[in-house]
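Numbering (our numbering), first residue to last: 45 to 186.
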């Protein structure tokens, strides 16, 4: 199902078939976002994305990294015990070593309307740190 392609300094595991992309995203992101919602029920983006996920059709595309927009309220999200940006930076540091040693990454998940990053914040941070101009993304169209 997956094939491997290099883009810039990174290897991606990608799916080209639009129907298979959607099935994989529904299976894995649906589970992840439901767990996120249970842990952090006050996060509005999780509910929004869970609703959008099955409504969208997805296409593998190559995008300019600089055109991708991060969700500001997610980047600023903090509770007494949790700081999204701090956790994100820790996850990126942990993942970076394996990616630089050749582990493949999945495409970013982007909402076509506004090029909002829906999933892949850790990968995004690594790609940005290493000044990648182009990235693979599954872009969702409503």
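Heads up, the beta-carbon is just placed ideally off N, CA and C, and yes, glycines get one too.
Take residue i as the anchor and find which of the options has the nearest alpha-carbon.
i           : options               : result
residue 94  : 155, 143 and 142      : 155
residue 131 : 174, 158, 169 and 160 : 169
residue 146 : 53, 105 and 121       : 53
residue 77  : 126, 96, 179 and 125  : 96
residue 184 : 140, 162 and 173      : 162
residue 55  : 143, 178 and 172      : 143
Report the rounded CA-to-CA distance for residue i versus residue j, giving the unit in angstroms.
i           : j           : result
residue 150 : residue 87  : 24 Å
residue 48  : residue 84  : 34 Å
residue 127 : residue 105 : 31 Å
residue 110 : residue 153 : 15 Å
residue 99  : residue 134 : 32 Å
residue 91  : residue 175 : 32 Å
Since I believe residue j is in contact with residue i (beta carbons under 8 Å), could you give me their beta-carbon distance rounded to a whole number of angstroms?
i           : j           : result
residue 165 : residue 69  : About 16 Å separates the two Cβ atoms, so there is no contact after all.
residue 160 : residue 115 : 6 Å
residue 51  : residue 178 : 6 Å
Output needed for residue i: all residues of its chain with C-beta closer than 8 Å, excluding positions within five of it in sequence on either side, in chain order.
i           : result
residue 117 : 88 and 89
Which term fits residue i, buried or exposed, when burial requires 16 or more other beta carbons within 10 angstroms of its beta carbon?
i           : result
residue 108 : exposed
residue 137 : exposed
residue 45  : exposed
residue 158 : exposed
Cutting at 7 Å between CB atoms, please list the residues of its own chain near residue i, excluding the five before and the five after it.
i          : result
residue 66 : 101 and 102
residue 64 : 45
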